[in-house]
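Counting from 0, one number per residue, gives the positions in the sequence shown under numbering that gives the first Met the number 0. Glycine included, each C-beta is placed from N, C-alpha and C at the ideal position.
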Amino acid sequence: MTEPLTRARRRVDSILCRRWHLDRVLGGGDTSVVYAGSARGRRKRLAAIRVLHPEFSADDVIRARFFREGYMSNQVPHPATVRTIAHGQAEDGSAFLVMDLVPGETLRERLTQGPLPLTVALSIADQLLDVLVSAHAHGIAHRGLAPHHLILEPSGRLRVLDFGGARLRDVTAGSGRVGSFSGPIGYAPPEQVRGYAAPDDPRCDLHAVGAILYHLLCGRRVHEAVTSSEQIARTISAPPPSIGDAAPHLPPAVVAVVDTALRYLPEERWPDAPTMQQALRQAITELSHVDAPSPTLLPRRRPSSPPPATSQREGDPTENTFLRTNGSTEHPAPSERPRAMPWLSTLLSPERALRPRRGFVELAFGAEPGGKD
Numbered sequence: 000m001t002e003p004l005t006r007a008r009r010r011v012d013s014i015l016c017r018r019w020h021l022d023r024v025l026g027g028g029d030t031s032v033v034y035a036g037s038a039r040g041r042r043k044r045l046a047a048i049r050v051l052h053p054e055f056s057a058d059d060v061i062r063a064r065f066f067r068e069g070y071m072s073n074q075v076p077h078p079a080t081v082r083t084i085a086h087g088q089a090e091d092g093s094a095f096l097v098m099d100l101v102p103g104e105t106l107r108e109r110l111t112q113g114p115l116p117l118t119v120a121l122s123i124a125d126q127l128l129d130v131l132v133s134a135h136a137h138g139i140a141h142r143g144l145a146p147h148h149l150i151l152e153p154s155g156r157l158r159v160l161d162f163g164g165a166r167l168r169d170v171t172a173g174s175g176r177v178g179s180f181s182g183p184i185g186y187a188p189p190e191q192v193r194g195y196a197a198p199d200d201p202r203c204d205l206h207a208v209g210a211i212l213y214h215l216l217c218g219r220r221v222h223e224a225v226t227s228s229e230q231i232a233r234t235i236s237a238p239p240p241s242i243g244d245a246a247p248h249l250p251p252a253v254v255a256v257v258d259t260a261l262r263y264l265p266e267e268r269w270p271d272a273p274t275m276q277q278a279l280r281q282a283i284t285e286l287s288h289v290d291a292p293s294p295t296l297l298p299r300r301r302p303s304s305p306p307p308a309t310s311q312r313e314g315d316p317t318e319n320t321f322l323r324t325n326g327s328t329e330h331p332a333p334s335e336r337p338r339a340m341p342w343l344s345t346l347l348s349p350e351r352a353l354r355p356r357r358g359f360v361e362l363a364f365g366a367e368p369g370g371k372d
């Protein structure tokens, strides 16, 4: 990995097809390197530019697959997917894709700060399942879901990267056949690690959602391991531990959602994304009822003396009037607010809980981590 990144850094400040300027390296993986870039011209459009490694760009089959899979996210009719907006082949023959550059941080970066609050983690899982409901309905499975493929925008909105990336890694690894493995270590289910999962089996994605939610709530992966080989071995041979054992404070409904997603046998997991999302939302609803504070009545105190009279002229704004006026501007009456889903009204403000520490994502689209996320 060192050699491709060294080669990638030498490419910074170059221009692809007389249009796309490579500003800096965001990161890299086994198949490609991603740059933060911009379009030349009057309108300087920021973009993430993914450049296929030269040895793969020279292969006609891999290059064609790179372009085809790069546009797969555009086939998912959901605003949380990151779109590919252009493609091309540089003067030296390197194939590249141009995607929207998303502000925020990846979940992998967010997890360096420790586990997430329960309500925030559940909101992230619900947003991810919402994308999968749409993708699976169109016959598209991600097959590579992991924290480094998920971005949290400053507003708390989740964005999903790299639809189609797992298929490209199948081809570049010479796989795509039974018995071969290409997927996120620590998040892929046993059958995918063994290489026996159907290419578009949605239950692989649902297992990944459970594993990601486990990581968000516990601060570690389902199977703790030092190396990737050990991680793979434990995924194949050891039944997943209950998240209730690692986090006994979690509500039973949340434990059931995660544990069912992580079942060793595919037929014992959630059958589809809508069913899992329904169970998750039911858990969130139950949590909101449990956490709802009960009103506390305090005895009224009688004032020892009447309040002093004010000599305010009619029409002059008092301090209370000022606060009330400003409050109505920033916090409209309930009838004027957009109606949110009932279960979501209890979630804490994502702006406060998910404040990114970086301006843009500092990780490659589709970068494959080594042993840790």
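- Beta bridge pairing from DSSP links Ile-48 with Tyr-34 and Val-97.
- When beta bridges are read from the DSSP output, Leu-21 appears opposite Gly-36.
- Assignment of Ala-85 by DSSP, reduced to helix, strand and coil, places it in the strand class.
- Shown here, Thr-111 sits in coil according to DSSP, grouped into three states, outside any helix or strand.
- Using a Cβ-Cβ distance cut-off of 8 Å, the stretch 106 to 118 and the stretch 62 to 72 are not in contact, since fewer than three pairs of beta carbons, one from each stretch, lie closer than that value.
- Restricting attention to Gly-185, Ile-211, Val-256 and Ala-207, the CA atom closest to the CA of Val-225 is found in Gly-185.
- Looking from the CA of Ser-227, the closest CA among Pro-251, Val-192 and His-52 belongs to Val-192.
- Val-159 has Thr-80 and Leu-149 as its beta-bridge partners, per DSSP.
- Scanning its chain for C-beta atoms nearer than 6 Å, with the 5 sequence neighbours on each side dropped, one finds around Val-256 the residues Ala-278, Leu-279 and Ala-282, in chain order.
- Taken in chain order, the complete alpha helix (DSSP H) segments of 4 residues or longer contained in the stretch 180 to 214 are 189 to 193.
- Residue pairing for Thr-5: DSSP places it in no beta bridge.
- If you draw a straight line from the Cα of Ala-89 to the Cα of Val-253, it comes to about 49 Å.
- Close CB contacts of Gly-113 within its chain, under the 7 Å cut and outside five residues either way in sequence, are with Gly-218 (chain order).
- Val-159 is classed as buried because its beta carbon has at least 16 other beta carbons within 10 Å across all chains shown.
- Collapsing the DSSP output to three states places Ile-14 in a strand.
- Under the three-state reduction of DSSP output, Glu-104 falls in the strand class.
- Taking C-alpha positions only, Ala-136 is separated from Ala-79 by approximately 16 Å.
- In this structure, the alpha-carbon of Ala-196 lies about 19 Å from that of Asp-161.
- Around the beta-carbon of Val-119, 16 or more other beta-carbon atoms lie within 10 Å, marking it buried.
- Looking at Ile-61, Lys-43 and Glu-267, the one whose alpha-carbon comes closest to that of Arg-202 is Glu-267.
- In the DSSP assignment, Gly-69 falls within the alpha helix (DSSP H) that extends over 59 to 69.
- Here the alpha carbons of Ser-122 and Leu-115 stand approximately 11 Å from one another.
- Rounded to whole angstroms, Ala-232 and Glu-223 show a C-alpha spacing of 11 Å.
- Distance from the CA of Ile-14 to the CA of Val-101, rounded to the nearest whole angstrom, comes to 21 Å.
- Under the three-state reduction of DSSP output, Gly-243 falls in the helix class.
- The beta carbons of Ala-145 and Asp-199 sit no closer together than 8 Å.
- When the Cα atoms are used, Ser-154 and Ser-133 turn out to be separated by approximately 22 Å.
- In this model, Pro-251 and Asp-91 are separated by some 57 Å (Cα to Cα).
- The criterion of a C-beta distance shorter than 8 Å is satisfied by Val-33 and Leu-25.
- Of the residues Ala-210, Val-50, Ala-94 and Val-130, the one whose Cα lies closest to the Cα of Asp-59 is Ala-94.
- Per the DSSP secondary-structure output, Gly-26 pairs in a beta bridge with Val-33.
- Collapsing the DSSP output to three states places Pro-250 in coil.
- Nearest to Arg-9 by alpha-carbon distance, out of Arg-18, Arg-17, Cys-16 and Arg-23, is Arg-23.
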